[in-house]
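All residue numbers for the sequence shown refer to this note's numbering, where the first residue is 90 and numbers rise by one.
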Amino acid sequence: MRIAELSRTSGVSPATIKYYVREGLLHSGVRTHHNQVDYSADHVNRLRLIRALIDIGGLSIETARELLTVLDAGNLPAREALGAVFYALGGRRSPVGETEQDSATADVEALLARRGWQIDEQSPARRTLIDVCAALRLLGHADVVAAMDDYATATESIATTDIGLVRGEPTLEQMTETAIVGTILGDTLLAALRRLAQEHLSQQLLPEGAAR
Numbered sequence: 090m091r092i093a094e095l096s097r098t099s100g101v102s103p104a105t106i107k108y109y110v111r112e113g114l115l116h117s118g119v120r121t122h123h124n125q126v127d128y129s130a131d132h133v134n135r136l137r138l139i140r141a142l143i144d145i146g147g148l149s150i151e152t153a154r155e156l157l158t159v160l161d162a163g164n165l166p167a168r169e170a171l172g173a174v175f176y177a178l179g180g181r182r183s184p185v186g187e188t189e190q191d192s193a194t195a196d197v198e199a200l201l202a203r204r205g206w207q208i209d210e211q212s213p214a215r216r217t218l219i220d221v222c223a224a225l226r227l228l229g230h231a232d233v234v235a236a237m238d239d240y241a242t243a244t245e246s247i248a249t250t251d252i253g254l255v256r257g258e259p260t261l262e263q264m265t266e267t268a269i270v271g272t273i274l275g276d277t278l279l280a281a282l283r284r285l286a287q288e289h290l291s292q293q294l295l296p297e298g299a300a301r
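Structure follows, in structure tokens:
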């Protein structure tokens, strides 16, 4: 198909398609003439994946490119491929709660020890959790930090489902794509489900007229 048809089929403008090609997110089409490039159904699927990661998952172009590079490599053992995906996602570092960093680090180390979780010292998620705990303590919400075991129990169950879905894929490429999509869109999915559950349970546990 020509770029105009690719644009109509994918819902992505020609200018954005060309931008994704320049940024290395989308493979170039096949040049058939000096002024004509043809694209295939693979380009449609790739564009849908890119838009899902960026528009729904909220990834930056840089992070999306890094994840898609892992997907395209296709030569890493499954565990290394998944590790590359998780670490490419990184984690936000926040200056909020700097004065509480030591206490927050102790909170996280104690949690990992209780759960028996084997986590690398350089894990971006580990650093993010420390920052979150520090901010919570600074804001006077140590009760949320104290509830981390309950959250950890729920997330371990979720992670078991995640890994099960990845292991169920027949090829490494499909495993890697499932890890990417399941993690990025899964985060958005879980956030939406959490909001729905909160809305539902608040009607039962926080009835109208309850003490403020």
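In this text, a Cβ means the ideal position worked out from N, Cα and C, and glycines have one as well.
Here the structure is a predicted model, which means the values were calculated and not measured.
Where R307 sits in the DSSP three-state scheme: Coverage of the chain is limited to positions 90 through 301, which leaves residue 307 absent and any answer about it impossible.
Selected residue, minimal CA-CA separation from V110, among R97, L157 and H123: Checking every option, the nearest Cα to that of V110 belongs to L157.
Same chain, Cβ closer than 7 Å to R226, neighbours up to 5 away in sequence not counted: Contacts found: G186, E189, S192, A193 and V234.
Proximity of G163 and E258 at Cβ, strictly below 7 Å: Against a cut-off of 7 Å, the Cβ pair of E258 and G163 comes out as no contact.
Any non-hydrogen atom of the ligand NAD closer than 6 Å to Q190 Cβ: Absence of the ligand NAD is noted for the structure shown, with no ligands found whatsoever.
Beta-carbon contacts of G136 that lie in its chain and below 6 Å, excluding the five residues immediately before and after: The sequence shown places Leu at residue 136, rather than the Gly named in the question. These residues qualify, in order along the chain: S99 and V101.
Exposure label - E266; buried when at least 16 CB within 10 Å: By the 10 Å Cβ count, E266 comes out buried.
Distance between beta carbons of L178 and T277, contact taken as under 8 Å: Contact doesn't hold; Cβ gap of about 13 Å is too wide.
Paired residues, beta bridge with Q125 - DSSP: Looking at the DSSP assignment, Q125 forms a beta bridge with H122.
S212 in three-state terms, based on DSSP: In the three-state DSSP reduction, S212 falls in the coil class, being neither helix nor strand.
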